[in-house]
Amino acid sequence: MWRVPGLLCVHVARKSKFSGPWNRPAAFMSTLLINQPQYAWLKELGLREENDGVYNGSWGGRGETSMAEYEETVKKAREAWSIWADIPAPKRGDVVRQIGDALWEKIQVLGSLVSLEMGKILVEGVGEVQEYMDVCDYAVCLSRMIGGPILPSERPGHALIEQWNPVGLVGISTAFNFPVAIIAKVLEDNKLPGAICSLTCRGADIGTAMAKGERVDLLSFTGSTQVGKQVALMVQERFGRSLLELVGNNVIIAFEDVDLSLVVPSALFAAVGTASQRCTTARRLFLHESIHDEVVNRLKKAYAQICVGNPWDSNVLYGPLHTKQAVSMFLGAVEEAKKEGGTIVYGGKVMDLPGNYAEPTIVTGLDHDASIVHTETFAPILYVFKFKNEDEVFAWNNEVKQGLSSSIFTKDMGRIFHWLGPKRSDCDIVNVNIPTSGAETGGAYGGEKYTGGGRESGSDAWKQYMRRSTCTINYSKDLPLAQGIKFQ
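Just so we're aligned: the sequence shown equals residues -1 to 486 in my numbering.
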């Protein structure tokens, strides 16, 4: 079951003084996309006019999740965890493989739903599902590889090992949809409790309960820094674990020796892809003073050629923003940039199209440390600056509070390895001659500083979801103590 927008279909509402969907007029129900012929494919995903909002092995719920429904879901999820944890890791990996296979069977309709739900162009919606499948593949491989080292013991007849076990129940507060119905079917086919992967929809009180509840062993949160701080504090109060994926304020730096045929399309994709609604979207572009004007002119021409419109049109590269609130934030940021001395060289306005469309925008003339520049706005605005030398621009990259993604464009090998070194980029993603967005699943993904500091996927991020034990095994007939201590 997917959490979907109001006019796609509707959740069953709790009984209250407000009228529910059960007594909505037929004319209203006919306006739902699911009842229109061109969206008949939505029913392939098990969607209906009215959809339950809670899954814990069975479907239920009335609108936003109630606290009673949440408590029941956590109870069932913990019971399911004890069953899941007893299954050998390679067997669990095989279940994950089946989930990936099930996603593949529905990749086009799932990608279409992602596009419909948040405005990504269709190829990016399909790409999101593909990334999910890639993560499944990665997890399958890990299921036969993860383990701790055998360490040399200073005591004869002793073995010293590290043992990794699942941390327990993981709560995930996610910014986007999650295809639970597909996972539920795979679990059912394997005679496993569906509550292994439970779902509750919406409600700030539910998020607070997850953060404060000691039955949630790890809470993974994606969202704003402001809310992330509150989550981290609530989890820390109970000495729990949190994994935060917060905002980025990502940068591309282009030096004087750069190949402009790489820089311009890279900046275009990083700044405009997904209508600038990626955590890794490029927000700042630093150009060496010798190439600044040329690159800005080329970017303006490239922006003018962007095909804007229906995300399902294969020619469209730029769709709508997710919400009206995002459009308001865009307009507010544009006005603030003007107040702080910025010049709008392209865009800056809302587009006269049905939906939440804002013009992709380029701003020049601001100081590198302007307040609006240091504030990430999840909207299509690219701030462009001139710089003179390497030390200056590397410092500018690091001066913002966020630390997610960064990239330089240069042919100078010495500069490249300075960039990768300990005193240069302080981000998680440190790229060379490629955009800031489009990370691969094999590398660790997360961020530093106000981006949260965690790694939610890739590389050894699996350790975030595990607990580690150091185990000393005495297989001798003696009892030597560590550090040569005699206790007799």
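We put the CB at the ideal spot given by N, CA and C, even for glycine. All of these numbers come straight from a predicted model, not from anything done at the bench.
Could you check whether the Cβ of residue i sits closer than 7 Å to any heavy atom belonging to the ligand SAM?
i      : result
Arg236 : The ligand SAM is not part of the structure shown, which contains no ligands of any sort.
DSSP on residue i, reduced to helix/strand/coil?
i      : result
Cys139 : helix
Met464 : strand
Cys134 : helix
Glu469 : Rather than Glu, the amino acid found at residue 469 in this sequence is Cys. Correct three-state label for Cys469: strand.
Trp20  : Any reading at Trp20 must be qualified, since the residue scores a pLDDT of 42, below 50, and its modelled position is unreliable; the value itself is stated next. DSSP places Trp20 in helix when its eight states are reduced to three.
Thr487 : This structure gives no information on residue 487, because the portion of the chain shown stretches from -1 to 486.
Pro86  : coil
Gln161 : strand
Ser488 : Within the shown structure, residues of the chain are numbered from -1 to 486, placing residue 488 beyond reach of any answer.
Arg422 : coil
Glu243 : strand
Tyr301 : helix
Leu285 : strand
Ile181 : helix
Leu45  : coil
Ser113 : helix
Ile144 : coil
Gln149 : For clarity, residue 149 is Leu in the given sequence; the question names Gln instead. Strand at Leu149.
Gly348 : Here the sequence assigns Val to residue 348, which means Gly is not the residue at that position. Looking at Val348 - three-state DSSP - the assignment turns out to be strand.
Ala230 : helix
Ala356 : strand
Ile204 : helix
Is residue i buried or exposed, if buried means 16 or more other CB atoms sit within 10 Å of its CB?
i      : result
Lys74  : buried
Phe237 : exposed
Ile552 : The question about residue 552 has no answer here: the residues shown for the chain are numbered -1 through 486.
Ser274 : buried
Gly317 : buried
Lys118 : buried
Phe485 : exposed
Glu454 : buried
Met208 : buried
Cys305 : exposed
Leu149 : exposed
Ala480 : exposed
Val2   : The predicted model places Val2 with a pLDDT of 35, which falls under 50 and marks its position as unreliable; any figure quoted below should be read in that light. Buried, since its Cβ has 16 or more Cβ neighbours within 10 Å.
Phe376 : buried
Cys139 : exposed
Cys134 : buried
Ser196 : buried
Cys425 : buried
Thr468 : exposed
Met232 : buried
His9   : Low confidence applies here, because His9 scores a pLDDT of 41, under 50, leaving its location unreliable; read the following figure in that light. Buried, because 16 or more other Cβ atoms sit within 10 Å of the Cβ of His9.
Gly401 : buried
Asn163 : exposed
Phe415 : exposed
Glu67  : buried
Thr198 : buried
Ser218 : buried
Based on the DSSP output, what are the partners of residue i in its beta bridges?
i      : result
Gln447 : The sequence shown places Lys at residue 447, rather than the Gln named in the question. In the DSSP output, where bridge partners are listed per residue, Lys447 has Gln400.
Ser455 : Tyr443
Thr341 : Thr362
Val168 : Leu216
Tyr53  : Trp57, Leu197
Lys384 : Leu285
His156 : Asn472
Asn248 : Ala280
Ser405 : Ile250, Asn429
Ile414 : For Ile414, which the question treats as bridged, DSSP gives no partner whatsoever.
Ala268 : The partner list for Ala268 (beta bridge, DSSP) is empty, contrary to what the question assumes.
Val306 : Tyr316
From the options, pick the residue whose C-alpha is nearest to that of residue i; which is it?
i      : options                        : result
Val270 : Gln303, Ile289, Leu244, Arg239 : Gln303
Thr373 : Asn387, Asp350, Lys399         : Lys399
Leu120 : Ser435, Thr321, Asn313         : Asn313
Lys336 : Asn308, Gly125, Ile379, Ala324 : Ile379
Val165 : Gly482, Pro478, Arg465, Tyr473 : Arg465
Thr220 : Met327, Ile483, Gly451         : Gly451
Trp417 : Glu438, Asn395, Gly436, Ser435 : Asn395
Lys227 : Lys447, Ser457, Ser474         : Lys447
Met116 : Lys104, Ser423, Asn308         : Asn308
Asp365 : Leu158, Leu283, Gly125, Ile483 : Leu283
Lys298 : Thr449, Ala137, Thr71, Tyr381  : Tyr381
Pro352 : Ser171, Ala442, Val325, Thr272 : Val325
Gln161 : Gly145, Lys183, Trp460         : Gly145
Mind checking if residue i is an interface residue toward chain D, Cβ cutoff 8 Å exclusive?
i     : result
Arg46 : Note that chain D does not occur in the displayed structure, where there is just one protein chain.
The stretch 248 to 257 contacting the stretch 201 to 211, beta-carbon criterion three pairs below 8 Å: no
Cβ pair count under 8 Å reaching 3, the stretch 333 to 346 against the stretch 359 to 366: yes
Three-pair Cβ contact test at 8 Å for the stretch 259 to 266 versus the stretch 108 to 117: no
Contact the stretch 76 to 87 vs the stretch 186 to 197: 3+ CB pairs below 8 Å: yes
Inter-stretch contact at 8 Å, needing at least 3 Cβ pairs: the stretch 281 to 292 / the stretch 378 to 392: yes
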